[in-house]
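Every number in my numbering is 901 more than the matching position in the sequence shown, counting from 1. Yeah, the Cβ is synthetic: ideal placement off N, Cα and C, and Gly gets one too. The structure presented is a predicted model; accordingly, all values stated were derived computationally and were not measured. Have a look at the structure below before the remarks.
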Amino acid sequence: MAIKTLNPRDIDDLFKSVVWAMAILAGGVVLLAIGAFTGTSAVNAVGYITIGIAFVILIMASRPAW
């Protein structure tokens with residue numbers, strides 16, 4: 902099965918998605934750190950959800966270009 906090469910526009914979209922995902926992941930890690938220091942489980946829950954959203958964005962961005 903041949904892999905279709907990405908055109909520059911798709912690579913730009915992929916880069917933007919990865920940058921957004923990493924920014925969201927960093928925010929989730931910061932929320933987890935705040936929750937750990939304050940002992941607030943609600944902040945930890947939001948941090949875990951945020952990290953999950955970042956992984957979903959990365960998975961969706963890694964789809965092959967058909």
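In or out: residue 925 buried (at least 16 other Cβ within 10 Å) or exposed?
-> Looking at its Cβ environment, which holds 16 or more other Cβ atoms inside 10 Å, residue 925 is buried.
Residue 948, enclosing alpha helix (DSSP H) - first and last residue = Element bounds for residue 948: 942 to 962.
Compare the Cα-Cα distances from residue 949 to each of 935, 960, 962, 961 and report the closest residue.
-> It is 935 whose Cα lies nearest to the Cα of residue 949.
Exposed unless 16 or more other CB atoms sit within 10 angstroms - verdict on residue 953 | It is exposed - the Cβ of residue 953 has fewer than 16 other Cβ atoms within 10 Å.
Thinking C-beta only, is residue 932 closer than 8 Å to residue 944?
-> Contact check for residue 944 against residue 932 passes: the beta carbons are separated by less than 8 Å.
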